[in-house]
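Engineer: Structure provided below as structure tokens; questions to follow.
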Amino acid sequence: MPLLAILALAAGTYAFRLAGPALRRRIQIPDRLKHLLSVLTAVLLTALVATAALTEGHGFAGWARPAGVLVGGALALRRAPFPVVVVAAAVTTALLRLVGVS
Amino acid sequence: MRSFWRTLDQGVLRAIILVCLADAIAGASFGALTVSGGLPAWVPVAMSLLIFAGGAQFAAAGVVLAGGSPAAAVLAGLVLNARILPFGFTVGDAVGGSWWARLLGAHLIVDETVAFTQRYDEPRRRRAAFLISGLALFLCWNAAVALGALAGAAMPDPGRFGLDATYPTVLLALVLPSLGDRRIRGAAVIGAAIAVAVAPFVPAGLPVLFALVGLAVVIRPTDSKAPSGRAGLSHVPEES
Numbered sequence: 001m002p003l004l005a006i007l008a009l010a011a012g013t014y015a016f017r018l019a020g021p022a023l024r025r026r027i028q029i030p031d032r033l034k035h036l037l038s039v040l041t042a043v044l045l046t047a048l049v050a051t052a053a054l055t056e057g058h059g060f061a062g063w064a065r066p067a068g069v070l071v072g073g074a075l076a077l078r079r080a081p082f083p084v085v086v087v088a089a090a091v092t093t094a095l096l097r098l099v100g101v102s
Numbered sequence: 001m002r003s004f005w006r007t008l009d010q011g012v013l014r015a016i017i018l019v020c021l022a023d024a025i026a027g028a029s030f031g032a033l034t035v036s037g038g039l040p041a042w043v044p045v046a047m048s049l050l051i052f053a054g055g056a057q058f059a060a061a062g063v064v065l066a067g068g069s070p071a072a073a074v075l076a077g078l079v080l081n082a083r084i085l086p087f088g089f090t091v092g093d094a095v096g097g098s099w100w101a102r103l104l105g106a107h108l109i110v111d112e113t114v115a116f117t118q119r120y121d122e123p124r125r126r127r128a129a130f131l132i133s134g135l136a137l138f139l140c141w142n143a144a145v146a147l148g149a150l151a152g153a154a155m156p157d158p159g160r161f162g163l164d165a166t167y168p169t170v171l172l173a174l175v176l177p178s179l180g181d182r183r184i185r186g187a188a189v190i191g192a193a194i195a196v197a198v199a200p201f202v203p204a205g206l207p208v209l210f211a212l213v214g215l216a217v218v219i220r221p222t223d224s225k226a227p228s229g230r231a232g233l234s235h236v237p238e239e240s
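Heads up: the sequence lines are chains A and B, in that order. So in my numbering, spot 82 of the first sequence is number 82, and the numbers just go up one at a time. So in my numbering, spot 195 of the second sequence is number 195, and the numbers just go up one at a time.
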């Protein structure tokens, strides 16, 4: 990850952040755009969850990782505290690997 | 300062600590995974300080670690962070009054701080919720990433500890509440399926962008008014 790429991503992200506090008195974003961005976020995040859980490079990541993510997701649905959700996912994956499931 | 703390009730302060803790685990994983993946330790640390957005950091670093181009990494991160734009308009009042407070405070706008700020209506409390959660998260996140990066150098295989499962789990917990809406869920599932299907064939970082095809499911020209999803806002415990 070259420094230039980090700076570019940081600058773009900061611009997204500053736009609201700087411009909110002068312009408003239309509800339609707000809605579109929230759907876009849900679609992107879900895709990121799926690819991060299931793939490694161009191949399958193995069963242990998605199994851990699934356990964490189930706990999140049951409104378990956030740290519990994350630790449970890691522990599930680690245990599966310990018994030989990659 | 003490009265500033007292503007928030115990329950919210406890919720902030819980979220900090969870983010610290994810942050440590980020530091460890990037360094053991072969990036120098200053990379995760600089990313966390300057970008300060977990999802985009993981996504961008993941692209580079998978052999993708830095440009694809930046693009993946930026598209993901576009969600922050409306956040800024939502909590802009709580970020700060003077221009320098706004310049510094803007950096603390993330999913979590927006969620905590939106619990309150009164300006003073909104400001307190934003600042306290923002500073706490910034400290936890960066300290955890730095520690993780140090540990990652000594850890040949963080996968043994299941650390690679923490990042998708954090994102899943973040997105789950917004998947309650049937059409958003439909779009998200189709998008995710496309992303996974193209992953073996397209360069790293791009599969997620292919998922945007899923958006076509929810966008109709006649559809001008729809319930606003609250993506990424509700993994913070409702009441505690």
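Idealized CB from N, CA, C, for every residue including glycine.
Please compile the residues from chain A whose C-beta is within a distance smaller than 7 Å of the C-beta of Val12 of chain B.
Structural biologist: In the second sequence, the residue the question calls residue 12 of chain B occupies position 12. None at all; the shortest Cβ gap to chain A is about 14 Å.
Engineer: Quick check on Glu122 of chain B: does DSSP put it in helix, strand or coil?
Structural biologist: If you number the second sequence from 1, residue 122 of chain B lands on position 122. Looking at Glu122 of chain B - three-state DSSP - the assignment turns out to be coil, as it is neither helix nor strand.
Engineer: Please list, in chain order, all residues of the same chain as Gly77 of chain B whose beta carbon is under 6 Å from its beta carbon, the five residues on each side excluded.
Structural biologist: Numbered from 1 along the second sequence, position 77 holds the residue referred to as residue 77 of chain B. These residues qualify, in order along the chain: Ala56, Ala59, Ala60.
Engineer: Do you know whose CA, among B:Val91, B:Phe116, B:Ala115, lies nearest Gly105 of chain B's CA?
Structural biologist: As a working mapping, residue 105 of chain B is identified with position 105 in the second sequence. Considering only alpha carbons, the answer is B:Val91.
Engineer: Taking the alpha carbon of Ser36 of chain B as the point to measure from, which residue in B:Leu137, B:Leu75, B:Val170, B:Arg160 has its own alpha carbon closest?
Structural biologist: Sequence index remark: in the second sequence, residue 36 of chain B carries index 36 (1-based). When each option's Cα is compared against that of Ser36 of chain B, the closest is B:Arg160.
Engineer: Quick one: give me the first and last residue of the alpha helix (DSSP H) that Ser29 of chain B is part of.
Structural biologist: As a working mapping, residue 29 of chain B is identified with position 29 in the second sequence. Start and end: 10-36.
Engineer: Does any C-beta atom of chain A lie closer than 8 Å to the C-beta of Asp9 of chain B?
Structural biologist: Taking the first residue of the second sequence as position 1, residue 9 of chain B is located at position 9. For Asp9 of chain B, the answer is no, since every Cβ of chain A falls outside 8 Å of its Cβ.
Engineer: Assuming the contact rule is C-beta atoms closer than 8 Å, Val87 of chain A and Ile25 of chain B should be a hit. Round their C-beta distance to whole Å, please.
Structural biologist: Within the first sequence, numbered from 1, the residue matching residue 87 of chain A stands at position 87. Within the second sequence, numbered from 1, the residue matching residue 25 of chain B stands at position 25. Correct: roughly 7 Å between the Cβ atoms.
Engineer: Less than 8 Å between the beta carbons of Arg124 of chain B and Thr7 of chain B, yes or no?
Structural biologist: Counted from its first residue, the second sequence places residue 124 of chain B at position 124. Counted from its first residue, the second sequence places residue 7 of chain B at position 7. Yes; because the gap between Cβ atoms is below 8 Å, this pair is in contact.
Engineer: Tell me which residue opens and which closes the alpha helix (DSSP H) that Trp100 of chain B is part of.
Structural biologist: Counting from one through the second sequence, the residue named residue 100 of chain B turns up at place 100. Looking at the DSSP string, the run of the alpha helix (DSSP H) that includes Trp100 of chain B is 99-105.
Engineer: Does the beta-carbon distance from Leu33 of chain B to Asp164 of chain B come in below 8 Å?
Structural biologist: Locating residue 33 of chain B in the second sequence gives position 33, counting from the first residue. Locating residue 164 of chain B in the second sequence gives position 164, counting from the first residue. Yes, Cβ-Cβ distance for Leu33 of chain B and Asp164 of chain B is below 8 Å.
Engineer: Output yes or no for whether 8 Å exceeds the beta carbon distance between Phe116 of chain B and Ala129 of chain B.
Structural biologist: In the second sequence, counting from the first residue as 1, residue 116 of chain B sits at position 116. In the second sequence, counting from the first residue as 1, residue 129 of chain B sits at position 129. Their beta carbons are under 8 Å apart, which means Phe116 of chain B touches Ala129 of chain B by this criterion.
Engineer: Assign Phe201 of chain B to one of two classes, buried (16 or more other C-beta atoms within 10 Å of its C-beta) or exposed (fewer than that).
Structural biologist: The sequence position of residue 201 of chain B within the second sequence is 201, counting from 1. Classification of Phe201 of chain B: exposed, given that the 10 Å Cβ count is below 16.
Engineer: Compare the Cα-Cα distances from Pro207 of chain B to each of B:Asp181, B:Val218, B:Ala193, B:Gly96 and report the closest residue.
Structural biologist: Translated into positions along the second sequence, residue 207 of chain B becomes position 207. Measuring from the Cα of Pro207 of chain B, the nearest candidate turns out to be B:Ala193.
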